[in-house]
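With positions in the sequence shown counted from 1, the corresponding number in our numbering is that position plus 2.
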Amino acid sequence: MYATEGAIITEKHQISKLHGWNVLATQKLKLVKRISTLLRLPQKTFIDGLSDDNGIISRMKTEDFDYYLPAELIAQFPTAKRPDSRLLYLDSIHDCWQDELFHELPRFLRCDDVMVFNDTQVIKARLFGQKESGGKVEVMIERLLDDHHALASIRASHAPKPESRLLLSGTIPVTVVSRVQEFHTLRFEHENTVAALLDQYGLLPLPPYIDRKAAAFDETRYQTVYAKHAGAVAAPTAGLHFDNNMLEQLQKLGIRICYVTLHVGAGTFQPVRVKNISDHTMHNESYHIPQQTVDIINHAKQTNGRILAVGTTTLRALESCAFANQGRLTTGYGDTRLFITPGFRFQIVERLLTNFHLPRSTLLMLVSAFAGIDNIRQAYQHAIQARYRFFSYGDAMLMERKS
């Protein structure tokens, strides 16, 4: 793992240009990377003394991103109709905001703007069962590895050991292959694929802050209307506000719509537990950017069109790709551990549509990097006072990127 100003990275790609580093820091980084490669040790993160253009020290504390949220503001149910949510518009350029309704979003757009959506589809990732000893287990699939293997977290009184057996949903035999940190690799000993078994026996994995069991309507409402590629265990929630009528309206206005795929992992709900954010290990997520999206965005960049990412996952896919390719957007698949923090230099996205995020979360750090720490603090304080609804089924924010 290595770092540049405002970003903590673990990527498959070789980064040839490091933003904001001096020669000495770059030499230090190369040495650490080489030693770590030879010894196969994790690389230490160096962000010592780095700061962004506003003088904000990159080695920030997790507590800098904490806030108090009354429990009653955590949305437990979706609105009656998708576009019925409220919209807080944050003008980060002029440091002001205004209260709107989500169906008024087209007023903030113009012909030839580009909106990029994440078309991942939420899978029924939660399974219940028991160990050979009879102890109960809850399995949450994090990622499908192939037709018969999956990465998963397991909740049990005692974690199952490698080569032990589980029986899920009373009918699915599973072998625990190995464990790395909080995730287990599981082998499903069944003639059907893991995807087919989850579709038949799995339960929708509502976020932990929704204090109820998943209902039938959640299978539709905790899924975007344009979901296409199965693999996420959490919804890209900024997209939940759109229905087909709004998408058609946007296209009639001349808005260019395109897609990326980033399969959202359960790590999106995890708070940062370390004292210094530079010590946090970011969860890994896979993404795909199709050629059509690259072409649309590149054309918009040449014609002064604005790029609006619908959701932090969309932004993360685009900026991860650009970061790994010296600012260029390229088609293909990738894995990213990009941790966007204040001081990060965005290269693709100019506007962001997102929901309100959890305290002490990597997503709150991301939006703080995008719109400015003080802007986000003040906007969140206003949202709480104005009784906005928070998190997955909550209201939305549209924000401009702060220079």
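For glycine and all other residues, C-beta sits at the position ideal for the given N, C-alpha and C.
Just so it is clear, the structure is predicted and the values come from calculations on it, not from any experiment.
Inter-residue distance for Pro238 and Val266 is about 7 Å (C-alpha atoms, whole angstroms). DSSP lists no beta-bridge partner residue for Val369.
Counting of Cβ neighbours within 10 angstroms places His301 among the exposed residues, the total staying below 16. The C-alpha of Gly172 is placed about 44 Å away from the C-alpha of Met117. Per DSSP, the continuous beta strand (DSSP E) segment holding Tyr261 begins and ends at 258–264. Taking 9 Å as the cut-off, the beta carbon of Met284 is found no closer than this to the beta carbon of Pro108.
Taken atom to atom, the span from the alpha-carbon of Glu352 to that of Ala326 is near 19 Å. Looking at the backbone, the Cα of Leu168 and that of Thr177 are separated by about 6 Å. Between the alpha carbons of Asp245 and Phe185 lies a distance of about 35 Å. For the 9 Å CB-CB criterion, Leu355 and Leu400 form a contact.
Burial of Ser370 is indicated by the presence of at least 16 other C-beta atoms within 10 angstroms of its C-beta. Fully contained in the segment 72–151 are the following beta strand (DSSP E) runs of length 3 or more, in chain order: 88–93, 98–103, 116–120, 122–124, 128–133, 138–146.
For Gln349, the closest C-alpha among the options Phe341, Leu317, Asn194 is that of Leu317.
Ranked by Cα distance from Lys404, the options Ile375, Asp220, Asn194 are led by Ile375. Shown here, Glu402 sits in a strand according to DSSP, grouped into three states. Under the three-state reduction of DSSP output, Lys63 falls in the strand class. For Phe325, no beta strand (DSSP E) run applies; the uninterrupted alpha helix (DSSP H) run containing it begins and ends at 314–326, by DSSP. Judged by DSSP secondary structure, Thr177 falls within the beta strand (DSSP E) whose first and last residues are 174–182. Beta-bridge partners assigned by DSSP to Thr187: Leu153, Ser180.
The residue from Thr270, Pro292, Thr263 with its alpha-carbon nearest to that of Thr332 is Pro292. Secondary structure at Ile386: helix, using DSSP grouped into helix, strand and coil. A direct Cα-Cα distance of roughly 35 Å separates Leu92 from Ala127. The alpha-carbon of Ala268 is positioned some 35 Å away from that of His96.
In the structure shown, Glu221 adopts helical secondary structure according to DSSP, grouped into three states. For His192, the CB contacts under 7 Å within the same chain, skipping 5 residues up- and downstream, are Ile174, Pro175, Leu199 in chain order. The beta carbon of Ser166 lies closer than 7 Å to those of Lys133, Glu134, Val178 in the same chain, with the five residues before and after it left out. With fewer than 16 other beta carbons inside 10 angstroms of its own, Arg330 counts as exposed.
Straight-line spacing of the CA atoms in Gly396 and Ala77 works out to 5 Å. The alpha-carbon of Thr270 is positioned some 11 Å away from that of Glu144. Under DSSP, Pro273 shares a beta bridge with Ser363. The three-state reading of DSSP puts Glu250 in helix, counting H, G and I together. Less than 9 Å separates the beta-carbon of Gly336 from that of Tyr289.
Excluding its 5 nearest sequence neighbours in each direction, Phe67 has C-beta neighbours in its own chain below 6 Å: Arg362, Leu366, Met367, listed in chain order. Counting along the chain, Ala232 sits inside the beta strand (DSSP E) bounded by residues 231–234. By the neighbour-count criterion, in which 16 or more other beta carbons inside 10 Å mark a residue as buried, Ala218 falls on the exposed side. For Asn300, the enclosing alpha helix (DSSP H) begins and ends at 293–304.
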